[in-house]
Every structure is written in structure tokens, then in C-alpha cells.
Amino acid sequence: MKKPRRSRQSPAPGPQPPENQSHTVQQASIVSAQWTGPLPPPAALEAFERIVPGGAERIFAQFEAEAKHRRELEQRQSKFLIRDVHIGQIMAGLYAMGGLGVTAFAIYLDKPWAAAIIGGLTIGPIVFAFLRQTWAEDKKA
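Residue numbers for the sequence shown follow full-length UniProt numbering, so the first one is 1 and each next one is one higher.
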């Protein structure tokens with residue numbers, strides 16, 4: 001015996017979209033731009049000015065302030081470097097004078113070996129440092 005054939009049923013009842021409903025598609029895009037150098041190109045400055053009135057002037061002011069700050073830091077660094085060199089020279093001079101003083105005192109006490117060792121250890125490195133600096137300057141020339 002054959003089973004009775006089922007009739008096809010329509011999909012389950014529920015909310016159906018109206019046939020006249022329109023579909024909207026939205027698209028988003030991200031635009032990125034970059035440049036090298038301290039200031040953006042003129043076209044970008046014009047765009048900034050359109051978006052934020054006075055924006056281009058603010059960018060220039062920020063650039064000028066940053067450049068001024070950088071120059072001040074470089075000047076301060078140069079001053080400290082020169083100061084450190086001068087302090088080093090003074091300390092080296094005091095060291096050499098002290099060594100020579102101790103050498104002279106050893107000679108006065110009739111201790112030639114002590115005078116030779118102290119004098120050699122004091123004067124030798126100083127002479128070598130000056131010669132090394134002279135050799136480095138000769139290589140640059």
C-alpha cells in the first residue's frame with residue numbers, strides 16, 4: 001500500500017519583508033596620507049585650513065616652537081660639552097702638576113728611582129695623550 005503523498009507546505013508563517021522595501025548599502029573607506037619633513041605639503045595645509053580655520057597657522061606655530069626648542073637644546077648641549085672639556089683639561093693639569101710636585105719632592109729626598117717612576121707615570125700618559133691627539137689631527141688632514 002502506498003503512503004499518501006504529503007503536500008508541500010509554505011514556509012513557516014512569520015514576518016515577511018515587504019516586497020517594496022529598498023536595501024541600502026553603506027560603504028566606508030579610510031584614507032591615509034603621510035609626508036616627510038617638518039611641514040605637510042601645501043595641499044594638505046589647505047585641507048587643514050578648510051577643516052579647522054587657522055589650522056595651518058597653528059601647524060606653522062608648532063613647527064617654529066619645536067625648531068626653537070631644538071636649537072636651545074643643541075646650544076645647551078654644546079655649552080655643557082665645552083664645559084666638560086675645560087673641566088677635564090683643568091683636572092689633567094692639576095694631576096700633572098701634582099705628579100711633578102711629588103717627583104720634585106722625591107728628588108729633593110734623594111730618591112731617584114721613586115722620582116723616575118712617579119714622573120714617568122705622570123708625564124708619560126700626558127705626553128702620549130697629546131701625541132695621540134696630534135696623530136688623529138694629522139690623519140684628518
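Don't be surprised by glycine CBs; every beta carbon is placed ideally from N, CA and C.
Predicted model, so just to flag it, every value in this text is computed and none were measured.
Beta-carbon proximity of residue i to residue j, cut-off 9 Å
| i | j | result |
| --- | --- | --- |
| P41 | F63 | no |
| A115 | A129 | no |
| F48 | A61 | no |
| W35 | A28 | no |
| E92 | I126 | Glu is not the amino acid found at residue 92; the sequence shown has Ala there. Yes. Within cutoff. |
Start and end residues, alpha helix (DSSP H) containing residue i
| i | result |
| --- | --- |
| P125 | 112-140 |
| T103 | 55-108 |
| P41 | P41 -> no alpha helix (DSSP H), and no H or E assigned at all. |
**Item:** At least three beta-carbon pairs within less than 8 Å, the region 91-104 to the region 118-127
**Value:** yes
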